[in-house]
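Mapping of the sequence shown onto mature numbering (1 follows the signal peptide of the UniProt record, and there is no 0): residues -23 to -1, 1 to 176, in sequence order.
Just so it is clear, CB atoms sit at the ideal spot from N, CA and C, and this is done for glycine as well.
Structure first, then comments.
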Amino acid sequence: MAEVVNVIVAFAVIVFLVRWATSSKDAASAHPSPASVLGFRPKNVTIEMVETIHSMFPDIPSDNIRYDLLRTGSVQVTTNKLLERGFLPAPPPAYYTLYPRAAEPPANAQRPAQPQQAVGSAGKSKPESLIARYKLEDRLSNASGVSLNPEDAGGKSVWEDSKEKREVNLRQRKEQMILAARQRLLAQEKAASGAGPSS
């Protein structure tokens, strides 16, 4: 009788060990270590690190930046790689099992929504013109009698000493170009309306 009890206990121990071994393999396969998946021990990467590089190089995907940062752990090293090569290699497919695809930047996410908003609001409000955007209504009435040559509208570019003077100069050149384009459009419309009744 004692032998039967020993066989039952041994059998129970074997079943317990087999279940424990298979369950630990399942747990290990469900949560693999990042080092075993990527093939290297990843460094700590923060969102700020990825955003810093992405703000300097907006055309580089965030996943490529994060993958390189996981390898280097340094914003400076990754930035130097980008400056030398001009690109960062895409992460391998195993990377996406650990790190789901990064969401698109907010600027890119809003672009598809703008045409829908424009279609929905087209009947409600008229799109803002450049004249209204740059607040040139008062100069439009003053410039109506003056003929601006479109080629000379931008004026000659002069490099100013301070940033503020350069900004003012650029803004004035933009305004002149907008007014010249407006006059050219009005002249074309006048010519078209004048040619229409005569033919």
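- Query: Span of the alpha helix (DSSP H) holding LEU59?
  - Reply: 52 to 62
- Take LYS112 as the anchor and find which of PHE(-13), LYS20, GLU152 has the nearest alpha-carbon. GLU152
- Assign GLN160 to one of two classes, buried (16 or more other C-beta atoms within 10 Å of its C-beta) or exposed (fewer than that). buried
- Message: Am I right that VAL14 and ALA67 are in contact with their C-beta atoms under 8 angstroms? What's the rounded C-beta distance?
- Response: With a Cβ gap of about 16 angstroms, VAL14 and ALA67 do not count as contacting.
- Item | Unbroken alpha helix (DSSP H) run spanning ARG48, endpoints | 39 to 49
- For GLU114, which of helix, strand or coil comes out of DSSP? For GLU114, the three-state secondary structure derived from DSSP is helix.
- For ARG18, which residues of its own chain have a beta-carbon under 7 angstroms away from its beta-carbon, when the five flanking residues on both sides are left out? Hits under 7 angstroms: ALA12.
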